[in-house]
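What follows is a set of notes on a single structure, which appears directly below.
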Amino acid sequence: MLIGSATCGRSAGAALVKSVIQDELEKNNANAEIIEVGCIGLCYAEPIITIFKQGKPGIFYGNVTKKTAKEIIRSYIVEDDPLPEYALGTIGEGKIEGIPLFFDTEVLKPQVRRILRNCGIIDPKNINHYIANDGYSGFMDAIEMAPEEVIEKIKESGLRGRGGAGFPTWMKWQFCRDSGGETRYLICNADEGDPGAFMNRSLLESDPHSVLEGILIAGYVIGAKKAYIYCRAEYPLALDHLKHAIKQMREYGFLGENICGSGFNFDIEIKEGAGAFVCGEETALIASVEGKRGTPRTRPPFPTTSGLFGKPTVINNVETLASVALIMQKNPDKFAEFGTDSSKGTKTFSLVGEIERPGLIEVPLGTTLREVIFDIGGGIPGGKKFKAVQIGGPSGGCLPENFLDTPIDYDSMTMAGAIMGSGGLVIMDESTCMVEVSRYFLEFSQRESCGKCVPCRLGAKQMLDVLTDITEGKGKPEDVQLLKDLSEGIKMGSLCGLGQNTPNPVLTTLKYFENEYNAHINDDFCPALACKEFIAYRILTEECNGCRLCFKSCPVDAISGEKKQPHVIDQEKCIKCGTCIELCSGKYDAMECIPKIEMDEGK
Numbered sequence: 001m002l003i004g005s006a007t008c009g010r011s012a013g014a015a016l017v018k019s020v021i022q023d024e025l026e027k028n029n030a031n032a033e034i035i036e037v038g039c040i041g042l043c044y045a046e047p048i049i050t051i052f053k054q055g056k057p058g059i060f061y062g063n064v065t066k067k068t069a070k071e072i073i074r075s076y077i078v079e080d081d082p083l084p085e086y087a088l089g090t091i092g093e094g095k096i097e098g099i100p101l102f103f104d105t106e107v108l109k110p111q112v113r114r115i116l117r118n119c120g121i122i123d124p125k126n127i128n129h130y131i132a133n134d135g136y137s138g139f140m141d142a143i144e145m146a147p148e149e150v151i152e153k154i155k156e157s158g159l160r161g162r163g164g165a166g167f168p169t170w171m172k173w174q175f176c177r178d179s180g181g182e183t184r185y186l187i188c189n190a191d192e193g194d195p196g197a198f199m200n201r202s203l204l205e206s207d208p209h210s211v212l213e214g215i216l217i218a219g220y221v222i223g224a225k226k227a228y229i230y231c232r233a234e235y236p237l238a239l240d241h242l243k244h245a246i247k248q249m250r251e252y253g254f255l256g257e258n259i260c261g262s263g264f265n266f267d268i269e270i271k272e273g274a275g276a277f278v279c280g281e282e283t284a285l286i287a288s289v290e291g292k293r294g295t296p297r298t299r300p301p302f303p304t305t306s307g308l309f310g311k312p313t314v315i316n317n318v319e320t321l322a323s324v325a326l327i328m329q330k331n332p333d334k335f336a337e338f339g340t341d342s343s344k345g346t347k348t349f350s351l352v353g354e355i356e357r358p359g360l361i362e363v364p365l366g367t368t369l370r371e372v373i374f375d376i377g378g379g380i381p382g383g384k385k386f387k388a389v390q391i392g393g394p395s396g397g398c399l400p401e402n403f404l405d406t407p408i409d410y411d412s413m414t415m416a417g418a419i420m421g422s423g424g425l426v427i428m429d430e431s432t433c434m435v436e437v438s439r440y441f442l443e444f445s446q447r448e449s450c451g452k453c454v455p456c457r458l459g460a461k462q463m464l465d466v467l468t469d470i471t472e473g474k475g476k477p478e479d480v481q482l483l484k485d486l487s488e489g490i491k492m493g494s495l496c497g498l499g500q501n502t503p504n505p506v507l508t509t510l511k512y513f514e515n516e517y518n519a520h521i522n523d524d525f526c527p528a529l530a531c532k533e534f535i536a537y538r539i540l541t542e543e544c545n546g547c548r549l550c551f552k553s554c555p556v557d558a559i560s561g562e563k564k565q566p567h568v569i570d571q572e573k574c575i576k577c578g579t580c581i582e583l584c585s586g587k588y589d590a591m592e593c594i595p596k597i598e599m600d601e602g603k
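Letter by letter, the sequence shown follows residues 1 to 603 of full-length UniProt numbering.
Below is the structure:
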């Protein structure tokens, strides 16, 4: 029996489910082994358990509670009734009536699981599980080749860096080799800081050896003797699994002196980051590994020439290194059979926000936003309309509905005014204010700025002040042009990628949703009814039965009225916290949110 025990599973109650299952197995004298696995990707269905019975396919069960866990054990383990109503799907040979094949379900059929092939299936803390699935065979093949031959294979695969920039991996390795010198370093960048992004964390929690094998291969190719994994301390489970996996590598002879008799000496050290977003930038990351303040520096020289401790250094993203292991385990053609001419392979994405099925997915590069959001993600919940998708994190852009048929690849995203980034997709519906979204992401980037260069330090702060004024009803007509001018200056003058890309959410929302900016500034109106300064709450007297739910919950005593009589809101006192309408909605629907200008006009 498998229990999804990555961060998403644990947050949903996997530990309680495991405890209940253990108790039920003991009560029924059932002989079963429980294995904690990682994230299968269906975060919306956690906790997820998978039961394998001899001679039958495995069954995935989702949204398992204390009650359903007991029922599943009694009905399926003891009485052999598989309870199709609780099942997500089956895996393995054979079929069970009433239960679909797991990988033929709507959410999984369009996906191609290469990087995530082991996630949610194997025990991430058992190296034997990884080895049984071709693990470390890619490294064993690599050390039988000359480094130049391995580079050629990576070149043939078309692998581009999965951290966002999309730089050809083979070329970065070659630059490092050509830099000369006896000492070189490799750094695995696991500093995943984009809001809503969790691809790297999930992979490290669910299949850490796939990344570690890629590190071994890359280290061998560039001639490094040591690698650092830079992972933020906010990822405790990923760090725990990494530390355990590295210990197992040493026990199995994959680290240390003369690895597997190849003459290759190599070791891996984990460096825990403090969560600074700017340390995702490679020169700031290097400074942090060296024990310095994490601030970027000018380039050139590039890290492949002068990086960690002044030595040639390659920095690769978590997913890039897992892709390297996959390429060497299979072959370049197998990797390149999916994707586009310029963007080969598959890519993992996290789906968050206003989406029916949030989670972790993997699709061929070139898959459209529409396929990802509607076919895999299930579309927008609550019958609402799609409005925009933020792609590429705070440094990315917001793309509207007319871009839904845009392929997700490096070049198409750039042409649309966004970047693919590491793979976070934040979905927004019609209730989202795009001016507030722009302000939110700019606030994040401004707060995370290291402050080293003036355009980023002061320019981003000025942009944030302007956006705040607009969302608070203090905007001026000239603010729109001021935002555009500031954006161009920051992009041109900032030292690193954080500053250069900070204006992207502002520029894309101005480009595609300028009407919302104008509505805030010129009409005192927020089209999404999201910004507090532009809305008011009103009680519908014909619907209100005086239940006093809103009366009791209001934190500022802005609601008055007699029991069983319609209530009223004192607009002067109301702070628009939304507690009242949240309690009323779905029960009595006696309250509505309206534009403030309507209330002011007495409508």
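We put the beta carbon where it would ideally sit given N, CA and C, even for glycine.
Open item on the list: Taking the beta carbon of K603 as the centre, do at least 16 other beta carbons fall within 10 Å, making it buried, or is it exposed?
Closed with: Residue confidence is low: K603 scores 49 on pLDDT, short of 50, so the model does not pin down where it sits. Its coordinate-derived value is still stated next. K603 is classed as exposed because its beta carbon has fewer than 16 other beta carbons within 10 Å across all chains shown.
Open item on the list: Distance check for L467 and K484, CA to CA, integer angstroms please.
Closed with: 12 Å
Task: For C456 and F513, the rounded distance between their alpha carbons - done: 24 Å
Task: Distance between beta carbons of Q462 and L486, contact taken as under 8 Å - done: 6 Å
- [ ] Work out the CA separation of G383 and P300 for me, nearest whole Å.
- [x] 51 Å
Task: Cutoff 6 Å; reference L529; Cβ partners in own chain excluding five residues on either side - done: I535 and C593
Task: Cβ pair V17, V64 closer than 8 Å - done: yes
Open item on the list: Tell me the rounded alpha-carbon separation between Y61 and F374.
Closed with: The alpha-carbon atoms of Y61 and F374 are separated by roughly 23 Å.
TODO: Quick one: give me the first and last residue of the alpha helix (DSSP H) that T348 is part of.
DONE: No alpha helix (DSSP H) holds T348; the beta strand (DSSP E) holding it covers T346 to G353.
Task: Buried or exposed by the 16-neighbour rule on C-beta atoms within 10 Å, applied to V556 - done: exposed
- [ ] Let me know the secondary structure DSSP gives R160 once reduced to three states.
- [x] strand
Open item on the list: I'd like to confirm the pairing. Which residues does DSSP put opposite residue 605 in its beta bridges?
Closed with: Residue 605 cannot be examined here, being either before or after the span of the chain that is shown, 1 to 603.
Task: Rounded separation between E436 and C531 - CA only - done: 7 Å
Open item on the list: Please state the DSSP three-state secondary structure of N189.
Closed with: strand
Task: N316 in three-state terms, based on DSSP - done: Strand.
TODO: Please determine, among D141, V389 and G497, the residue with the shortest C-alpha to C-alpha distance to L351.
DONE: V389
Task: 6 Å Cβ shell around C574 - same chain, five flanking residues per side excluded - done: A558
Open item on the list: Given this structure, state the Cα-to-Cα distance separating K431 from E97, to the nearest angstrom.
Closed with: Before going on, a small fix: residue 431 reads as Ser here, not Lys. Straight-line Cα distance between these residues: approximately 41 Å.
Task: Limits of the unbroken alpha helix (DSSP H) element including V389 - done: First-last for V389: F386 to I391, but that is the beta strand (DSSP E), not the alpha helix (DSSP H).
Open item on the list: Here's a check: name, in chain order, each residue in its chain whose Cβ is nearer than 7 Å to the Cβ of E85, leaving out the five neighbours to either side.
Closed with: Apart from sequence neighbours up to five positions away, no residue of its chain approaches E85 with a beta-carbon distance below 7 Å.
TODO: Any chance you could list the beta strand (DSSP E) runs of at least 3 consecutive residues sitting entirely within the segment 30 to 58, in chain order?
DONE: Listed in chain order, they are 35 to 37 and 49 to 51.
Open item on the list: Using a Cβ-Cβ cutoff of less than 7 Å, which residues in the same chain neighbour I470 once the five nearest sequence positions on both sides are dropped?
Closed with: V435, D479, Y517, H520 and I521
TODO: With DSSP collapsed to three states, give me the class of P208.
DONE: helix
Open item on the list: Taking the alpha carbon of K226 as the reference point, which residue from R232, L216, E234 and A233 has its own alpha carbon closest?
Closed with: Looking at the Cα atoms, L216 is the closest of the given residues.
TODO: Determine, using beta carbons only, whether residue 607 and E71 come nearer to each other than 8 Å.
DONE: With the chain running from 1 to 603 in the structure shown, residue 607 is simply not present.
Task: Spatially closest choice to A69 from G13, N118, P358 and G94, by CA coordinates - done: G13
- [ ] Could you name the residues of the same chain whose beta carbon sits closer than 8 Å to that of residue 628, not counting the 5 residues immediately before and after it, in chain order?
- [x] No answer is possible for residue 628: the residues shown for the chain start at 1 and end at 603.
Open item on the list: With three or more C-beta pairs closer than 8 Å as the rule, is the segment 166 to 184 touching the segment 250 to 266?
Closed with: no
TODO: Flag this pair as touching only if the segment 176 to 190 and the segment 312 to 324 have three or more C-beta atom pairs under 8 Å; answer yes or no.
DONE: yes
TODO: Answer with buried or exposed for P124, where buried requires no fewer than 16 other C-beta atoms within 10 angstroms of its C-beta.
DONE: So P124 counts as buried.
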